[in-house]
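Engineer: Shown below is the structure under consideration.
Number of protein chains: 2
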Amino acid sequence: MPSNATTPLLRGAAAPVRGLPVVPSQGVLRPLGMADVTIDDGFWADLQELNASTMIEHAQSWMERLGWIGNFDAAVEGRLPHDRRGREFSDSEIYKLLEAIAWEGARTGDPAMESRFQALSARVARAQEPDGYLGTMFGRPGQRPRYSDLEWGHELYCLGHLIQAGVARARTAGLDDSFVDVVRRAADHVCDVFGPGGNPGVCGHPEIEVALVELFRVTGERRYLDQARLFVDRRGHGVLAEIEFGQQYFQDDVPVRDATVLDGHAVRALYLAAGAVDLAIEDDDADLLAAVRAQTLATLATRTYLTGGMGAHHEGESFGQDFELPPDRAYSETCAGVASVMLNQRLLLATGEARHADAVERTLYNVVAGSPAQDGRAFFYTNTLHQRTPGRAPAEDEVSPRAASSLRAPWFAVSCCPSNLTRTFASLAAYLATVDDDGVQLHQYAGSTIRAALPAGVVTLRVSTAYPADGRVEVQVLDAPPSAWALRLRVPGWAQGATLTAPDGTSTGVAPGYAEVRQVFAPRDRVVLDVPMAPRWTWADPRVDAVRGQVAVERGPVVLCMESVDLGADVSQVRVDTARPPREHDGQVVVRATVLDVAKGPWPFAADPVALVRGADAAREVPLLPYRQRANRGPSTMRVWMPVVDPASPTG
Amino acid sequence: MPSNATTPLLRGAAAPVRGLPVVPSQGVLRPLGMADVTIDDGFWADLQELNASTMIEHAQSWMERLGWIGNFDAAVEGRLPHDRRGREFSDSEIYKLLEAIAWEGARTGDPAMESRFQALSARVARAQEPDGYLGTMFGRPGQRPRYSDLEWGHELYCLGHLIQAGVARARTAGLDDSFVDVVRRAADHVCDVFGPGGNPGVCGHPEIEVALVELFRVTGERRYLDQARLFVDRRGHGVLAEIEFGQQYFQDDVPVRDATVLDGHAVRALYLAAGAVDLAIEDDDADLLAAVRAQTLATLATRTYLTGGMGAHHEGESFGQDFELPPDRAYSETCAGVASVMLNQRLLLATGEARHADAVERTLYNVVAGSPAQDGRAFFYTNTLHQRTPGRAPAEDEVSPRAASSLRAPWFAVSCCPSNLTRTFASLAAYLATVDDDGVQLHQYAGSTIRAALPAGVVTLRVSTAYPADGRVEVQVLDAPPSAWALRLRVPGWAQGATLTAPDGTSTGVAPGYAEVRQVFAPRDRVVLDVPMAPRWTWADPRVDAVRGQVAVERGPVVLCMESVDLGADVSQVRVDTARPPREHDGQVVVRATVLDVAKGPWPFAADPVALVRGADAAREVPLLPYRQRANRGPSTMRVWMPVVDPASPTG
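From first to last, the protein sequence lines are chains A and B.
Going by UniProt numbering, the residue at position 496 of the first sequence is 496; the numbering climbs one at a time, nothing skipped.
Going by UniProt numbering, the residue at position 564 of the second sequence is 564; the numbering climbs one at a time, nothing skipped.
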């Protein structure tokens, strides 16, 4: 495999040098980052702008208000533990925000973002101890000793996020940076304590693994890679204490090399898997890579919601059994969406397989993009597919419990999701395109400019699209080398009847996977991918018991839903008529539906429940809306999966 | 309403004097207890024998082995907290066991049970403090202070179970008993601390309320009733701390008088409701009684499983939303089954309404009777209706996490369910029959002798039945007064086509509710109730999304299920043919079923999932078995709700 040795970083360069979170040293595809990709128009550009203008500030302001940033000041001023506020892992939210600010500052060059980074990172840096340890929850007089609660203390988890912030800084401002020094000292400390012959433990919440491998990649220090390997290999042998959830909760029941599917706490499982892919790539460990790939594919096949969301159990924020995918109790934590994108992107780079880019697309459009409110000041933590009760809107200054999912909340007592969104939105460029020796591959579609260095020379492309509203993607070549190369465009797995039009005007039908045009390209040559976007009925595998007799509607990569606001009734009693296809009407997708009138009996089980159905109102067309746009019109009920009219069924 | 003033208790009488857990001072129906009812044959007699011979010893032996009983010794010997073992509420398991031993000793007069009670209660009694406090978790040097954690400390919960043990002792051995003295001192302590002007708190886990009212009933001390009222009225105003689960978890968001349905942690909600009924009866508070009755009926209508089980959320062991009843994630804690029986029995006594006796029947046969293994040495804590994976059998000496539900476990780290079973089985006689001025009412059917004192004289009945295997219940009058009285027999809500045959041989069709024969009865007069027991298809209200397109089978009060052992395949792919009714064949209920062969695709959602179904094997008759008998033949998959063959459905 070709090497992706990091290009030299320019100190304090105004332009970001590499600017992306994942830089494997080998793989089928090489990623392109902020240095090469600029998203400037459309769906993702708008979200990046919302992140820059509002979400980052919103998050920082809440962290300041709740004292989570102040914990670092308190540490320096000797006021801990007395003045400590927030949960044991609150440090990580500051680190994830720093990562976001680093990416964001590099994305636009905005000096205000740089100032923000300097000011916030300085407060963090001051709290670092002489031996490199950094954390506000443990180790001081009156606090529990360091690493005395590996199961739940989250110390290495926090340090992992600190390291990822350092990697972002290194890849945007260069290695010669005081914050990067802080991070390297912290990583050295971790290696000192947990290295060979040291503390044989692992962290209850994986994260340090993926961080250490990236730090190895950006610094070249093999010690960090070795430590990541130690952590991954120790885990899965019951090294953590038995807990009521069971050791699969933190993936300590089975080594990652032997697991066949993702299990336990979803975010933990996904972060661990992402780190294991990174480790496998750097170690050239084909068995480990194959194992994680198989687990991921099994999870997509049996434990993933239509939205791409993962996590079917509220208890333990965990995966359920195969095909156990209840829409109403979907947990589908936003952080699990982010982590699934991280994992699938790594597998895409390693294998080049379209299904991973398909998963990234589905999850970005339906879970990640739907978490923030339109004004960027409230979020979903959990992402249900069936909102049974309207709930109520939290107040602007209210800190919500994490699993309250009826309406977006400004902040949560556990606020891992908003900070995960900020760093993901800031670094979105990393998901659009890759390069190999053969050419350029486009995986996600956004109005953007893409520059790729091929062996024979530089390719510059302009992508114009209104995706996902419109299925037309136009790629114009601005610059290209004089020899032939291959432009490959992903045709999504759901796309039937897509066509690719070459520069000479010839159109070909293209199947899901990657469609290719291979030729010598001249400036102003255009390649156009047309993906049909007709709304479609989607049914579930018969093993998904929870949605038997129900149907969903998708349009392109976007999952739709129905809200009571449009139905004019509680969605619990809707029945849709699948004899006619869903159709576009006045810019909306509509389905034909009716509402059952069901009598309330004393006992809901009987030999003849048809008697409960007193009738149905008149069938009419009811608009659907993108799932990500749910709950934007006040409290309402909502469902993605809708019961189907079935005259053959005893219950109608 | 007529008064049920307790009859004078004879000290040390070999025969139990009243012997039942609930003795309201007024009500539509007056309960009969162990003094009047002897179960001696059939289904319930066998379970009582298993309890007496095995389950009580098994429970005590585990409590001893794990040191939970030893905590009381350690308390006396000054070895706490150093030697304390078990969870903060482990004291309550000893108290529930004492209650069981008290009932059991009275049930048969077995001197070994009396010795067991004396020995165990003595160890408990020694640990009582001078001010009456009794508990091993709090209050000593090195322990948290008493009542410093009302949310989770379970102190009043434990004391409530202590009090119920004392009530059982008082109602079997008499008020003049040293253990009853211990209990009274503990109750006085509670009133001293939490009375008017004292600690204004409530316990995070209701139980003290129902216990205090019964202690009032057995002692006549109004102070205990007043304290119960204080606890009930304080609750529901956010007096407990905010917790992540939300204050509805412990029913502190809404006062019980204002709640419309049972919500939050199921066992907490049910114990509180039972105590509220007791309070309402003693206070003659019709509004409170009406409120709890309405909540209970709403819960039966929308939040109860077909088995009678309650609790749809693993997280928080809680009720779900209305009609949110997933079979696979059913929590249906055994303790919630016991508590539902307690609540519904109280409402039966208060109102005389058959639906409450129906609920008691359903829950006893399907949840309570199914928790213990056939040998009495293992139990279910949770009671799923869809076992997706075979799981594994815990080892004989293994302590299981509570929610492990694939196979019964010998013991649990949280073992509230086994001890709840022991006290319920020992006091089953209390559920069979009641009396009013008009006659005798039979609610549950078991081979038994029943003696009831009517105003005009004593009635003695012999009930012969093989219920639930057989629907014939023969009631023979052994003794009766010379004037007319009414014998009423419950016709279950599920029973269509039942007949009642009077002593003169005439048979009448009787509808669900109570069927009555009113006449002057002579010795040897027989009344026979014949309840048809043909197996029947049961469908769910269309609002229960989780079982759409699925059907269950019931036979009499018994819910059936299918196991992979009989299907010869994982039950996930079974399809039953409802064109033919389920039938009896060779002593089993069989249904016609097939098994689908479904291809495993990379993504379980598609426009055309029929393509996933590769075929089905030959239809054949497959036996079902009573749900309570599940998991008795080793690891297997199981389901109560079975998908129906539906040629009209795209997914088959």
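By construction, the Cβ of each residue, glycine as well, lies at the ideal position given by its N, Cα and C atoms.
Out of B:Leu-478, B:Gln-387, B:Thr-422, B:Ala-469, which has the shortest C-alpha to C-alpha gap to B:Cys-561?
Structural biologist: If we check each option's Cα against that of B:Cys-561, B:Gln-387 comes out closest.
Engineer: Residues of the segment 581-610 of chain B in Cβ contact with chain A at a cutoff of 7 Å, in chain order, please.
Structural biologist: Of all residues in the segment 581-610 of chain B, Leu-596, Val-598, Lys-600, Gly-601, Pro-602, Trp-603, Pro-604, Phe-605, Ala-606, Ala-607, Pro-609 have a Cβ within less than 7 Å of some Cβ in chain A.
Engineer: For the putative contact between A:Val-473 and A:Val-558, defined by C-beta atoms under 8 Å, what is the C-beta separation to the nearest angstrom?
Structural biologist: Contact flag wrong, Cβ pair sits at about 15 Å.
Engineer: Taking the DSSP output, what are the residues bridged to B:Met-55?
Structural biologist: B:Met-55 is not bridged to any residue.
Engineer: A:Gln-519 lies in the beta strand (DSSP E); which residues open and close that run?
Structural biologist: That run of the beta strand (DSSP E) goes 513-519.
Engineer: Below 8 Å, can you find three or more Cβ-Cβ pairs linking the segment 384-400 of chain B to the segment 514-527 of chain B?
Structural biologist: Judged by Cβ distances under 8 Å, the segment 384-400 of chain B makes no contact with the segment 514-527 of chain B, as fewer than three pairs qualify.
Engineer: Our contact map puts B:Tyr-305 next to B:Ser-332 with C-beta atoms below 8 Å; I'd like the distance itself, whole angstroms only.
Structural biologist: Sure, about 6 Å apart at Cβ, within 8 Å.
Engineer: Could you check what DSSP says for A:Phe-412 in three-state terms: helix, strand or coil?
Structural biologist: Correct three-state label for A:Phe-412: strand.
Engineer: Mind checking the segment 524-554 of chain A against chain B and listing, in chain order, the residues whose C-beta falls within less than 9 Å of any C-beta there?
Structural biologist: From the segment 524-554 of chain A, only Arg-536, Trp-537, Thr-538, Trp-539, Ala-540, Asp-541, Pro-542, Arg-543, Val-544, Asp-545, Ala-546, Val-547, Arg-548, Gly-549, Gln-550, Val-551, Ala-552, Glu-554 have a Cβ closer than 9 Å to chain B.
Engineer: Which first and last residues belong to the alpha helix (DSSP H) in which B:Ile-281 is found?
Structural biologist: Counting along the chain, the alpha helix (DSSP H) containing B:Ile-281 begins and ends at 266-283.
Engineer: By alpha-carbon positions, which one of B:Gly-509, B:Leu-325, B:Asp-41, B:Gly-197 ends up nearest to B:Leu-300?
Structural biologist: It is B:Leu-325.
Engineer: At 9 Å on the CB atoms, spell out the chain B contacts of A:Ala-301, in chain order.
Structural biologist: By Cβ distance, chain B contributes Lys-600, Gly-601, Pro-602, Trp-603, Pro-604.
Engineer: Smallest Cα separation from B:Gln-496: which of B:Pro-468, B:Asp-525, B:Gln-476, B:Pro-532?
Structural biologist: Ranking the options by Cα distance to B:Gln-496, first place goes to B:Pro-532.
Engineer: Can you name the start and end residues of the alpha helix (DSSP H) that A:Gly-587 belongs to?
Structural biologist: Counting along the chain, A:Gly-587 falls outside any alpha helix (DSSP H), and DSSP gives it neither H nor E.
Engineer: Within 8 Å (strictly less), CB to CB, does B:His-161 reach chain A?
Structural biologist: No, no contact with chain A.
Engineer: Cβ of A:Thr-389 less than 8 Å from any chain B Cβ?
Structural biologist: It does; some Cβ of chain B falls within 8 Å.
Engineer: Which residues, in order along the segment 228-255 of chain B, keep a beta-carbon less than 7 Å from a beta-carbon of chain A?
Structural biologist: So the close ones are Glu-244, Gly-246.
Engineer: Between B:Val-595 and B:Arg-614, how many whole angstroms is the CB-CB distance? I'm expecting something under 8 Å.
Structural biologist: That belief does not hold up - the Cβ atoms of B:Val-595 and B:Arg-614 are roughly 12 Å apart, past 8 Å.
Engineer: Quick check: what's the CA-CA separation for A:Ser-148 versus A:Val-239?
Structural biologist: Going from the Cα of A:Ser-148 to the Cα of A:Val-239 covers about 14 Å.
Engineer: Quick check on A:Glu-209: buried or exposed, where buried means 16 or more other Cβ atoms within 10 Å of its Cβ?
Structural biologist: Classification for A:Glu-209: buried.
Engineer: Express the C-alpha separation of B:Asp-188 and A:Pro-643 in angstroms, rounding to a whole number.
Structural biologist: Distance between the alpha carbons of A:Pro-643 and B:Asp-188 is about 57 Å.
Engineer: Enumerate, from N- to C-terminal direction, the unbroken alpha helix (DSSP H) stretches of 4 or more residues contained entirely within the segment 201-234 of chain B.
Structural biologist: Whole alpha helix (DSSP H) segments, 4+ residues: 208-219, 222-234.
Engineer: What residues in its chain sit with their C-beta under 8 Å from that of A:Pro-401, if we drop five residues either side in the sequence?
Structural biologist: Phe-412, Ala-413, listed in sequence order.
Engineer: Apply the 10 Å Cβ neighbour rule to B:Arg-392 and answer buried if 16 or more other Cβ atoms are within range, or exposed otherwise.
Structural biologist: Exposed, since its Cβ has fewer than 16 Cβ neighbours within 10 Å.
Engineer: I need the DSSP call for B:Leu-407, collapsed to helix, strand or coil.
Structural biologist: Coil, per DSSP.
Engineer: Are the beta-carbon atoms belonging to A:Met-63 and A:Ile-101 less than 8 Å from one another?
Structural biologist: For A:Met-63 and A:Ile-101, no; Cβs fall outside 8 Å.
Engineer: Determine the DSSP secondary structure at B:Glu-242, reduced to helix, strand or coil.
Structural biologist: Of the three classes helix, strand and coil, the one that applies to B:Glu-242 here is coil, per DSSP.
Engineer: Please confirm whether A:Asp-577 has its beta-carbon closer than 8 Å to some beta-carbon of chain B.
Structural biologist: Not one chain B Cβ lies under 8 Å of A:Asp-577.
Engineer: A:Asp-328 CB to nearest chain B CB: under 8 Å?
Structural biologist: Yes, A:Asp-328 counts as interfacial toward chain B.
Engineer: Are the CB atoms of B:Arg-30 and B:Val-435 nearer to each other than 8 Å?
Structural biologist: Yes, they are a contact pair.
Engineer: Taking Cβ positions, are B:Pro-542 and B:Val-589 nearer each other than 8 Å?
Structural biologist: Result no, Cβ atoms of B:Pro-542 and B:Val-589 do not sit closer than 8 Å.
Engineer: Within 10 angstroms of the Cβ of B:Gly-109, are there 16 or more other Cβ atoms? Answer buried if so, exposed if not.
Structural biologist: B:Gly-109 should be labelled exposed.
Engineer: Just checking: is the beta-carbon of A:Gly-370 within a distance shorter than 8 Å of some beta-carbon in chain B?
Structural biologist: With 8 Å as the cut-off, A:Gly-370 does not count as an interface residue toward chain B.
Engineer: Determine the contact status of A:Thr-449 and A:Thr-38, defining contact as a CB-CB distance below 8 Å.
Structural biologist: Result yes, Cβ atoms of A:Thr-449 and A:Thr-38 sit closer than 8 Å.
Engineer: Mind listing the chain B neighbours of A:Ser-572? Cutoff is C-beta to C-beta under 7 Å, in chain order.
Structural biologist: Ordered by position in chain B, the residues that pass the 7 Å Cβ test against A:Ser-572 are Arg-543.
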